[in-house]
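Heads up, the numbering used here is the position in the sequence shown plus 5, with the first residue counted as 1.
Glycine included, every Cβ here is placed at the ideal spot set by N, Cα and C.
Right, one structure below, let's go through it.
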Amino acid sequence: MPSKAKTGKKLVIVESPAKSKTIAKYLGEGFIVEASIGHIRDLPQPSELPADLKKTSLGKFAVDVENDFKPYYVVSPDKKKKVAELKAQLKDADALYLATDGDREGEAIAWHLLEVLKPKVPVYRMTFGEITKEAIHRAMDNLRDVDAALVDAQETRRILDRLYGYEISPVLWRKVARGLSAGRVQSVVTRMVVDRERERMAFKAASYWDLTGQFGADAGSFKAKLAAVDGAKVATGRDFNDDGELTSRNVAHLNEELATSLAAALQDADFRVRSVDTKPYTRRPAAPFTTSTLQQEAGRKLRFSSKSTMQIAQRLYENGYITYMRTDSSALSDEAVTAARRQASELYGPEYVPQSPRVYTSKAANAQEAHEAIRPAGDSFRTPAQVAQQLSGDEFRLYELIWKRTVASQMADAKGSTATIRLGAVASDGRDAEFSASGTVITFPGFLAAYEEGKDESRGDDDSDEGRRLPNVAKGDGLTASEIVAVGHETSPPPRYTEASLTAELEKKGIGRPSTYASTISTIQDRGYVRKQGSALVPSWIAFSVVRLLEQHFTDYVDYEFTADMEGDLDKIANGQAVGAAWLKHFYYGEDTDPGLLSIVNNLGEIDAREINSVPIADGITLRVGKFGPYLESSLPTVDPKTGEVVESARANVPDDLAPDELTAEKAVELMETAAPEERVLGADPHTGHTVVAKNGRYGAYVTEIIPEMTEDQLASLPVEYYKNGKPKPPKKPVKAKPRTGSLFKSMTVESVTLDEALQLMSLPRVLGEDAEGNPITVQNGRFGPYLKKGTDSRSIGSEEEIFTITLEQALEIYSQPKQRGARAAVPPLAEFGPDPVSEKNIVVKEGRFGPYITDGITNITVPRSTSLEELTRERAVELLAEKRAKGPVKRTTTRKAPAKKAAAKK
Numbered sequence: 006m007p008s009k010a011k012t013g014k015k016l017v018i019v020e021s022p023a024k025s026k027t028i029a030k031y032l033g034e035g036f037i038v039e040a041s042i043g044h045i046r047d048l049p050q051p052s053e054l055p056a057d058l059k060k061t062s063l064g065k066f067a068v069d070v071e072n073d074f075k076p077y078y079v080v081s082p083d084k085k086k087k088v089a090e091l092k093a094q095l096k097d098a099d100a101l102y103l104a105t106d107g108d109r110e111g112e113a114i115a116w117h118l119l120e121v122l123k124p125k126v127p128v129y130r131m132t133f134g135e136i137t138k139e140a141i142h143r144a145m146d147n148l149r150d151v152d153a154a155l156v157d158a159q160e161t162r163r164i165l166d167r168l169y170g171y172e173i174s175p176v177l178w179r180k181v182a183r184g185l186s187a188g189r190v191q192s193v194v195t196r197m198v199v200d201r202e203r204e205r206m207a208f209k210a211a212s213y214w215d216l217t218g219q220f221g222a223d224a225g226s227f228k229a230k231l232a233a234v235d236g237a238k239v240a241t242g243r244d245f246n247d248d249g250e251l252t253s254r255n256v257a258h259l260n261e262e263l264a265t266s267l268a269a270a271l272q273d274a275d276f277r278v279r280s281v282d283t284k285p286y287t288r289r290p291a292a293p294f295t296t297s298t299l300q301q302e303a304g305r306k307l308r309f310s311s312k313s314t315m316q317i318a319q320r321l322y323e324n325g326y327i328t329y330m331r332t333d334s335s336a337l338s339d340e341a342v343t344a345a346r347r348q349a350s351e352l353y354g355p356e357y358v359p360q361s362p363r364v365y366t367s368k369a370a371n372a373q374e375a376h377e378a379i380r381p382a383g384d385s386f387r388t389p390a391q392v393a394q395q396l397s398g399d400e401f402r403l404y405e406l407i408w409k410r411t412v413a414s415q416m417a418d419a420k421g422s423t424a425t426i427r428l429g430a431v432a433s434d435g436r437d438a439e440f441s442a443s444g445t446v447i448t449f450p451g452f453l454a455a456y457e458e459g460k461d462e463s464r465g466d467d468d469s470d471e472g473r474r475l476p477n478v479a480k481g482d483g484l485t486a487s488e489i490v491a492v493g494h495e496t497s498p499p500p501r502y503t504e505a506s507l508t509a510e511l512e513k514k515g516i517g518r519p520s521t522y523a524s525t526i527s528t529i530q531d532r533g534y535v536r537k538q539g540s541a542l543v544p545s546w547i548a549f550s551v552v553r554l555l556e557q558h559f560t561d562y563v564d565y566e567f568t569a570d571m572e573g574d575l576d577k578i579a580n581g582q583a584v585g586a587a588w589l590k591h592f593y594y595g596e597d598t599d600p601g602l603l604s605i606v607n608n609l610g611e612i613d614a615r616e617i618n619s620v621p622i623a624d625g626i627t628l629r630v631g632k633f634g635p636y637l638e639s640s641l642p643t644v645d646p647k648t649g650e651v652v653e654s655a656r657a658n659v660p661d662d663l664a665p666d667e668l669t670a671e672k673a674v675e676l677m678e679t680a681a682p683e684e685r686v687l688g689a690d691p692h693t694g695h696t697v698v699a700k701n702g703r704y705g706a707y708v709t710e711i712i713p714e715m716t717e718d719q720l721a722s723l724p725v726e727y728y729k730n731g732k733p734k735p736p737k738k739p740v741k742a743k744p745r746t747g748s749l750f751k752s753m754t755v756e757s758v759t760l761d762e763a764l765q766l767m768s769l770p771r772v773l774g775e776d777a778e779g780n781p782i783t784v785q786n787g788r789f790g791p792y793l794k795k796g797t798d799s800r801s802i803g804s805e806e807e808i809f810t811i812t813l814e815q816a817l818e819i820y821s822q823p824k825q826r827g828a829r830a831a832v833p834p835l836a837e838f839g840p841d842p843v844s845e846k847n848i849v850v851k852e853g854r855f856g857p858y859i860t861d862g863i864t865n866i867t868v869p870r871s872t873s874l875e876e877l878t879r880e881r882a883v884e885l886l887a888e889k890r891a892k893g894p895v896k897r898t899t900t901r902k903a904p905a906k907k908a909a910a911k912k
């Protein structure tokens, strides 16, 4: 049979459907553009390997650690249909163009497609930094082969992460808690957040005082601050270390008494200007955005999380609005420089554009210049006003930020002058006091007309003076003084990381790749290692345990320099200067005196889990990280005042919303003193004789019975089973009886509940009787309150107390009414956070079928399991809604419904 003729079409494969639609518009009819929808294959879980491979050197990691670390890939189950479709398209094509992203990940996707599709037609690698007509045509003129070195680097990184996670995570499961994970970058990032919290916990505040005053001259008045006393500089927050010690020499450290007495002695003093110093002021624009700086600035200015920023940027790129958003480079192409300079001149005037174009290079450790900076797409930029109608609210805000930064980067410096006035007087007690005031006046805004970079929170005194205009005075001029007051201060601890400042620090240290920062920061929050408090990142106590274990037993693998060096090694592989298999062998097996990961795991020795999960807080009080969360435990034995017997050490739960640095020794003592008793004996059940106790559990207070263990005599009296040969079987371990339990009503506490109430609670559900058809009706308490149950038909009732008073007649009356699904009384929201900054509608938290969720009436998002309602803040709610919007509407599929069967063809 003759082979089917080719169609003359060329098959182009990209990653995403959005990208394929945009590219298809520019390529025309001769091309078929399809999307692989990300990676088509990956390493399987070892449990998913074929049975004959599980016992081989592949079995532990799905990587052959004995044969050059060769990975075993499988096509993902959800991609098999897509692969079949691509193969079918390829059969009719004359050429294959692999047009995935130009970074390592994109190169690996292209290579996997090549390996799986096995094309028999010419194959071309096609890359572009933006999706515009000009860029696509340029890419067609610069085709190449798949870059083997880039693929090797990505594959090495993937295998490295598998080795790291699969060897170290099980140690965390055994010694800290099940389900925890370790990661090459995520564990180091977690350590950074924990280290910052440790600094805050160890910090000791120092107090210092100074003076402020309002001073008047003929040309106007201004505020000044005390700078020196008797020629010695007045101490500020920068003169103290984190132990609260004064480190600067020859400074005047004022306390409250010295400051207030000086203020009083200066009330009638003769103040005069001692010097006026004026200097020119110049400020240069910031470089165009890289992945890292975009995440930082979107966090500061737009309150976007790193994850949300990257999702929105992805959509802008795929739809042709910006250049590729994963880049370490701050350089602009010649076309972009021309476009930015032209637009700045048109919008602000030719004087706002410098004579020569500005050239930027990256300063970050391990920076790669593989891509252009993130900028508006095209050889001429569309202004925000021109795209406003085509973008969603968040997309527009991010595009506007990128546009402003790009245009400003090619604009002139801001110019002005900074003036510093020194003034002073001799106090009535003889002390010489000198005050200082500074002000910067911008005379030519330059790039500031378009854009000003944001700043992260910093320590120390806020001495910002930009925009402050001082009066025109001269040396020797007399001044009138008023409102001279003493002001007290305390030094502040290092600020917690925000997503923006953490991203900046990661880039500075060269840890990880900027393209992965968003997912890494999201992962450590999803794992429960870090939570958000406002915009600050706060580590959990379980993160302290994980980091402590890794620091003690896997020191190098959470070392900042070691991790950065690994990133440098991976860059060498990407540049063809090293080979992945050899590097992995050294990492895993070690060499000479340099032990590999395998040797370290096999020689861990004894790890004291209790010690790893313990943090001393105060004398006699230790924080423990337990199965159900952190708690405080007294190391001193507790004596029962009635019996004089030594009982179990006293404990107290640690509130979920209490940050580690807030758990001071004083707070620990307070929690121990105010802790409700963990267990209170109520008495004995008169029917069973079992002891009934009230307890405080992780999920609330409850009552239960204590069923005693069977005695030896009772065990001996159990019937004996025999084998067929007549010999007795070994005695079976008796099945332990399940104790009755019952949650306390909201009106009850462990201290107040009585034995009779406890017996009632443990008797639930209460059987009321049967309906006319013989169906039993019960009443019980549930997660959403008290309710009746008849088969599968449940009906809510009023209050918990009604559980013990409602009658069968009342229940039947309720069941005689139609079931009200949507017309019941409105349930008040669990929390309210005010208007959303995007939709301007009120944000509330409601209880839903699958748990609590956040909504503004338009967008809904489930509250993450890692975030409790108590610690949910307005900032976090706004951020979660923004992330949900950034993902766009959920695409509805029709694959559930099977197509109608066609009638069989007649033979």
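Euclidean distance between Cα positions of residue i and residue j
i    : j    : result
T867 : G856 : 7 Å
A706 : V755 : 7 Å
E374 : P498 : Its pLDDT being 42, under 50, E374 is placed unreliably by the model, and nothing is read from it.
Q348 : A187 : 48 Å
K85  : K123 : 15 Å
S527 : K312 : 7 Å
G43  : V151 : 17 Å
D215 : S545 : 38 Å
T411 : G435 : 57 Å
R536 : L91  : 42 Å
T27  : I317 : 16 Å
E572 : G111 : 18 Å
Residue i - containing beta strand (DSSP E), residue span
i    : result
Y707 : G705 to I711
V698 : T696 to G702
A349 : It is not in any beta strand (DSSP E) - A349 instead sits in the alpha helix (DSSP H) that spans D339 to Y353.
K851 : N847 to G853
V620 : S619 to A623
D437 : D437 to F449
P920 : The requested residue 920 is not part of the displayed model; the chain covers only 6 to 912.
S748 : T746 to S748
Span of the alpha helix (DSSP H), counted from its first residue to its last, around residue i
i    : result
L554 : W546 to H558
P285 : Unbroken run through P285 is the beta strand (DSSP E), F276 to R288; no alpha helix (DSSP H).
F633 : That residue, F633, is in no alpha helix (DSSP H); it is neither H nor E in DSSP.
N607 : L602 to N607
K238 : Not the alpha helix (DSSP H): K238 falls in the beta strand (DSSP E), residues A237 to V239.
V176 : A153 to K180
In DSSP terms, what residue i is bridged to
i    : result
S799 : K794
K14  : A98
Q785 : Y792
S212 : E495
K228 : Q219
Beta carbon of residue i nearer than 8 Å to that of residue j
i    : j    : result
Y78  : L54  : no
F133 : A144 : yes
L24  : E323 : A small correction: the amino acid at residue 24 is Lys; Leu does not occupy that position in the sequence shown. Result yes, Cβ atoms of K24 and E323 sit closer than 8 Å.
A336 : T296 : no
I489 : Y404 : no
R189 : D166 : yes
R474 : V446 : yes
A742 : L687 : no
N477 : A673 : no
Neighbour flag for residue i against chain B, beta carbons, 8 Å
i    : result
L637 : Looking at the structure shown, chain B is missing, and only one protein chain is on hand.
Next on the checklist: Could you tell me which whole beta strand (DSSP E) segments of length 3 or greater appear in the segment 387-433?
Outcome noted: 419-431
Checklist entry - Which runs of the beta strand (DSSP E) fall wholly inside the segment 13-77 and span at least 3 residues, in chain order? => result 14-19 and 36-40
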